[in-house]
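FYI, the numbering for the sequence shown is -35 to -1, 1 to 197, going by mature numbering (1 follows the signal peptide of the UniProt record, and there is no 0).
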Amino acid sequence: MHSSTPLFLPTLNALPRPLLAALLLGACMQGPAHAAPPQARGDAKAGATAMLEVSEDGRDVIDRRARLLWPRCVEGMHWNGKTCTGLPELFTHKQAQALAAERAKQDGVRWRLPRVNEMRRLISRDIRPQGLSPELFPGAPRGWHWTGTAAVNARPVNPYNYSNISGSAGTQLSAQQAWAIDLDSLETRPDMGRGNQLMVRLVRPLPSAPPEEKAEAPARPAPHRPDPDEED
């Protein structure tokens, strides 16, 4: 039998100081490369709703970057101070446009149907399923909503096609369609028939801040004029 010689490993104290310093420095610099700092994860989580805020009276949502003001409730529902109550009302596209015009006339502000991109700004990406934030828009119904973006027939017209001989087929079809957005699936489509009855959430420009009143400059004292009756 061969006697086994015990194997001794050098301790840290036995290592040369330059080598020990290099090992310690490498251990300090090494770390999980995939771990993101907490603030980076928080920044990535912030969605479109980070740009939105509730108005002072709690009835509206303000998008300061886009300079827009949104009611917290869709048409047909009402704000009771805590949430939206009631049932949403459905409109054809023509009725929705008439509603916006009548509301603008009554309130003296430019209420209108929102554009597709404006509606997309309301969608929160950090909730599941994605949609309107329940904190900003409590009780908001999902489903199709009208927008003010006009439908555009982008398909090329074949002049040799019998259906396009008059040249007005595409124009007539486009006039019967409009853009709509589904806040359930987040789908948008340009060919929604204007006769369909959908929900409506109007929007208006954010009121301009009143100009700051300039402080009136103190009146300058009138220059002293000698009295001609005074004696020298």
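Idealized CB from N, CA, C, for every residue including glycine.
In its chain, beyond the 5 residues on either side, Glu83 and Arg86 have a beta carbon closer than 7 Å to the beta carbon of Ala31. Beyond the five residues adjoining it in sequence on each side, His43 comes within less than 6 Å, by CB distance, of Thr50 and Gly51 in the same chain, given in chain order. Rounded to whole angstroms, Trp109 and Phe56 show a C-alpha spacing of 11 Å. When secondary structure is reduced to three states using DSSP, Gln71 falls in the helix class. In the assembly as shown, Glu67 is an exposed residue. Its beta-carbon has fewer than 16 other beta-carbons within 10 Å. Taking C-beta separations shorter than 7 Å and ignoring five residues to either side along the sequence, the partners of Gly160 in its chain run Thr57, following chain order. Burial of Ser89 is indicated by the presence of at least 16 other C-beta atoms within 10 angstroms of its C-beta. According to the DSSP secondary-structure assignment, Ala143 is paired through a beta bridge with Ala115 and Met157.
Looking at Ile27, Val19, Leu167 and Ala116, the one whose alpha-carbon comes closest to that of Arg77 is Leu167.
Per the coordinates, the alpha-carbon of Pro106 lies some 11 Å from the alpha-carbon of Val165. Each of Ser20, Lys47, Gly41 and Thr48 was checked against the Cα of Trp35, and the nearest Cα belongs to Ser20.
Here Arg85 carries a helix assignment [DSSP, helix/strand/coil]. In the three-state reduction of the DSSP assignment, Leu64 falls in the helix class, which pools H, G and I. In this structure, Phe102 sits near Arg37, with a CB-CB distance shorter than 8 Å.
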